[in-house]
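These notes concern the structure reproduced below.
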């Protein structure tokens, strides 16, 4: 039954009915919850729906069930890339390539992440070598020889128009984006990268191009899809001591409270969500309960309580050696809270701390916006018509005294104090 549902899910995926694909794969998982391929397929469907949080959950489950399967790490890389976690995506794709160095999809995904990291660095003012990345490939002294040695690109060297484009890109790497419209350049890049570029990838078990290796077609026997032999009977686990039992039960109870909190949060019943998240923290010390609590306070508009919950999460998280991404999230929410409270300097400081822990495009964007707003606020705060008039009068007096530098300084001060008053600009003497 699970196989039939999986086949229906694959069919829906191929028809681009991704919601139906998710439904079918979910039904199959209910019948066979230990099948890593089902989670992988559903991750791909969620990613196609741009629901990258769910895609990452399924990708994590895939790697948990089958850590030696490169496809699962590729799914994780794609989901993390979609969420903007470029470093995490980079690590996931590298893990896939450790398991299968020839994996074309992992190679392509890793290159895409590297380009995104480079683009983010350039946007942040970290200018690199203009011939880096793809540009460097087109300045390789062995470029022509590599293309001539490959039957897929050797015939392109006889085309004068193509050779002119190739030379143009070598001289100006920034023009690569314009030339990428030419499919021949995609073929060249695939040869230089040593990969066979695929435009879109069906879920495992979906249709594959004829003649291509079937990486994970579950409907035929494969090492990672074969029925597993019945495991040898495992020895009876040692009995748990009272402390271990108490901790396990506390964690289970805390998770139930967290789930109740999340249900209320989704219904925008924030008081109830706060009560359940607080209870979860009392039962078991996991800082995700605190970050969830801070989210509920934030949505309720209680920003000071948000800050307090996040500061506690950071303090407790440091002692527990918590994931730096959780610490970064707490700093980011503190920054957002201070911004809501109108304290831009503190917002900027906490956004910077968040980026120090873990860099994400969302927090980077918030930091830039806050810095821009702070600069405008400082300029606006300096405006004072009374002080501007005093500066203008001083400038006139210095002008009469022939003290030109002092007059210029006074008139300049007036333009800062009253930028909309044209007298400040018209009275500055010319030399």
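Residue numbers (our numbering): 272 to 702. We put the CB at the ideal spot given by N, CA and C, even for glycine. The structure presented is a predicted model; accordingly, all values stated were derived computationally and were not measured.
Taking a contact as a CB-CB distance under 8 Å, the pair residue 659 and residue 685 counts as one, their CB atoms being some 5 Å apart. Taking 8 Å as the cut-off, the Cβ atoms of residue 329 and residue 317 count as close.
Rounded to whole angstroms, residue 443 and residue 379 show a C-alpha spacing of 24 Å. A distance below 7 Å between beta-carbons, with the five flanking residues on each side excluded, links residue 334 to the following residues of its chain, in chain order: 343, 344, 347. If you look at residue 338, you'll find it isn't in any alpha helix (DSSP H); DSSP assigns it neither H nor E. Three or more beta-carbon pairs separated by less than 8 Å are not found between the stretch 665-674 and the stretch 632-650, which leaves the two stretches without contact. Within the same chain, 545, 576, 577, 580 come within 7 Å of residue 568 by CB-CB distance, once the 5 residues on both sides are set aside. Contact annotation: residue 311 and residue 350 have beta-carbon atoms that are not nearer than 8 Å. For residue 630, there are no CB contacts under 6 Å within the same chain when 5 residues up- and downstream are skipped. Note on the stretch 569-640: whole alpha helix (DSSP H) runs with a minimum of 4 residues are 574-591, 595-611, 615-628, in chain order. The beta carbon of residue 605 sits closer than 6 Å to those of 578, 581, 621, all from its chain and outside the five residues before and after it, given in chain order.
Look at residue 409 here: in three-state DSSP terms it is coil, with no helix or strand label.
In this structure, the straight-line span from the alpha carbon of residue 293 to that of residue 556 is close to 34 Å. When the five nearest sequence neighbours on each side are left out, the beta carbons in the same chain lying within less than 7 Å of the beta carbon of residue 648 are those of 615, in order along the chain. When the five nearest sequence neighbours on each side are left out, the beta carbons in the same chain lying within less than 7 Å of the beta carbon of residue 289 are those of 316, 319, 320, in order along the chain. Under the criterion of beta carbons closer than 8 Å, residue 560 and residue 525 qualify as touching, at roughly 7 Å. Residue 674 has its alpha-carbon roughly 21 Å from the corresponding atom of residue 688. Between residue 362 and the set 384, 441, 642, 275, the nearest pair of CA atoms involves 384. Taking a contact as a CB-CB distance under 8 Å, the pair residue 418 and residue 428 counts as one, their CB atoms being some 6 Å apart. Cβ contact annotation for residue 368 (same chain, cutoff 8 Å, sequence separation greater than five): 341, 374, 377, 378, 381, in chain order. Exclusion of the five residues before and after residue 433 leaves 427, 455 as the residues of its chain whose Cβ lies within less than 7 Å of its Cβ.
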